[in-house]
Each structure stands twice: as structure tokens, then as C-alpha cells.
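In the numbering used here, the protein residues as written are 47 to 146.
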């Protein structure tokens with residue numbers, strides 16, 4: 047099972063119904079300044095891209111429910127990244143295996 051399931055629009059966390067991934071990410075990170083947020087994401091996920099940086103390295107095919115389907119330009123590897131909206135940062139690249 048893939049970690050980044052783009053078909054999942056709503057989550058049920060801590061008894062909360064109809065919580066979107068965006069809501070959860072905003073609640074977790076909204077108190078941080080932009081630089082602090084990027085630094086925290088880099089400690090958790092190693093690589094973080096701004097929108098400009100992502101477009102230099104990846105072709106974006108689809109964005110839905112805070113998950114983008116991408117292809118790495120240099121390696122042609124397909125996968126997904128999670129993103130947050132404000133500031134727009136992408137992280138947690140997960141390669142798609144050939145059998146998916």
C-alpha cells in the first residue's frame with residue numbers, strides 16, 4: 047500500500063470527522079515561521095522543495111488533497127510528494143514502484 051494515497055480526501059483523526067490532510071498539516075505547522083517550517087520539515091523528511099525548486103527537478107502531473115504526482119526529470123522516476131499551502135513547500139518524495 048502506498049503511503050501517499052491521492053484518492054483519500056478526508057481523514058478521521060482523534061474523533062474529528064471530515065478533517066482534510068490540509069487541515070491537519072495547517073494545524074501542525076501554522077505556528078511556525080517560513081524558515082522554521084522548512085528547517086523542521088528538512089529534519090523530518092530530509093529534502094524539501096519550494097515550488098520553484100520542485101519545478102526545476104520534477105514534472106508535476108497532478109495535485110490533489112496535498113499530494114502531487116511527479117516525475118523526476120533527471121532519473122525519470124515517478125512518485126509522489128506531499129505539499130503544504132502556506133508557504134507552498136513540497137516534501138517526502140516517495141518513489142512509485144513499477145508494479146503500482
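Glycine residues also receive a C-beta, built at the ideal position from the N, C-alpha and C atoms. The model shown is predicted, which means the values in this text are computed figures rather than measured ones.
Separation of residue j from residue i, as counted between CA atoms
i	j	result
residue 94	residue 139	9 Å
residue 142	residue 78	31 Å
residue 69	residue 122	32 Å
residue 107	residue 75	26 Å
residue 109	residue 131	11 Å
Buried or exposed (CB count within 10 angstroms, at least 16 for buried), residue i
i	result
residue 85	exposed
residue 125	buried
Cβ pair residue i, residue j closer than 9 Å
i	j	result
residue 118	residue 103	yes
residue 128	residue 71	yes
residue 100	residue 113	no
residue 96	residue 67	no
Distance cut-off 8 Å: residue i Cβ against heavy atoms of the ligand ATP
i	result
residue 112	By its list of ligands, the structure shown contains no ligand whatsoever, and the ligand ATP lies outside what it can speak to.
Residues of its chain near residue i, where Cβ-Cβ distance is below 6 Å and the 5 sequence neighbours each way are ignored
i	result
residue 133	80
- Query: Which parts of the stretch 61–104 are runs of the beta strand (DSSP E), unbroken and 3 residues or longer, counting only runs that do not cross its ends?
  - Reply: If we require 3 residues or more, the beta strand (DSSP E) runs fully inside the stretch 61–104 come out as 62–65, 94–96.
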